[in-house]
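Chemist: Structure provided below as structure tokens; questions to follow.
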Amino acid sequence: MTEPLLDPANVPVEWHRFLYRSVLLEWETVLHQRKQFPRFNGRKPLAGINLVKMEGLPELRQWLSSQVDTPKPAECFAFYSKETALKDLFKLIRNCVAHGHYSSPRKGWIYLHHVYQGKLKLSGQAKFSSLKDLIVFVGTDCAAGR
3 MTEPLLDPAN VPVEWHRFLY RSVLLEWETV LHQRKQFPRF NGRKPLAGIN LVKMEGLPEL
63 RQWLSSQVDT PKPAECFAFY SKETALKDLF KLIRNCVAHG HYSSPRKGWI YLHHVYQGKL
123 KLSGQAKFSS LKDLIVFVGT DCAAGR
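Quick note, the sequence shown lines up with residues 3 to 148 if you use this note's numbering.
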């Protein structure tokens, strides 16, 4: 299986606005300083997205390799996190936005794939509306203590 081409220029302009304002700016101005994030147990999807947290980079790559021949969940992000999972996930999504590591493989969907210094840190796809809900949950609802 080949990964979809990363092409941030192929996503709608409204997506760029949301990603810049609600992910990049939110991380740079508020979230990177926040000390409290809710615990993530990985037992149920958040905002309709299955989140698979791996505590080691080799394990993440191995898990993704094992998914090549199996039907993938419609919406799933696999990511590396050793500490606060939702904070780490938000930071990885921020990195995807900042470095243009995203594309739209089909209408209404976004694909994120972040590699840093040759190491895969995040990969997956979701409906953009689900990603927005996840970002809002982590960025604002958690801050309000909901």
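The beta-carbon is built from N, C-alpha and C at its ideal position, and this holds for glycine as well.
Because the structure is a prediction, the values reported are computed rather than measured.
Whole angstroms is fine: what's the gap from residue 96's alpha carbon to residue 26's?
Modeler: Going by the C-alpha atoms only, they are around 5 Å apart.
Chemist: For a test of the three-state rule: what should DSSP assign to residue 125, helix, strand or coil?
Modeler: In this structure, residue 125 counts as strand in the three-state DSSP scheme.
Chemist: Could you name the residues that DSSP lists as bridge partners for residue 118?
Modeler: Answer by DSSP bridge pairing, in chain order: 121.
Chemist: Measure the C-alpha to C-alpha separation of residue 34 and residue 90 and round it to an integer number of angstroms.
Modeler: Those two C-alpha atoms are separated by around 10 Å.
Chemist: Report all residues from its chain with a CB closer than 7 Å to the CB of residue 132; omit the five preceding and five following residues, and keep chain order.
Modeler: Here the set comprises 49, 50, 51 and 77.
Chemist: Quick test of the definition: if touching needs 3 or more C-beta pairs under 8 Å, does the region 11 to 26 touch the region 92 to 107?
Modeler: Cβ pair count under 8 Å is three or more, so yes.
Chemist: What are the boundary residues of the beta strand (DSSP E) that includes residue 80?
Modeler: Note, residue 80: beta strand (DSSP E), 78 to 82.
Chemist: State the DSSP-derived secondary structure class of residue 43, mapped to helix, strand or coil.
Modeler: Coil at residue 43, not helix or strand.
Chemist: Around the C-beta of residue 64, are 16 or more other C-beta atoms found within 10 angstroms, so that it is buried, or is it exposed?
Modeler: Exposed, because fewer than 16 other Cβ atoms sit within 10 Å of the Cβ of residue 64.
Chemist: For residue 10, which residues of its own chain have a beta-carbon under 7 Å away from its beta-carbon, when the five flanking residues on both sides are left out?
Modeler: Excluding positions up to five away in sequence, the list reads 102, 104 and 105.
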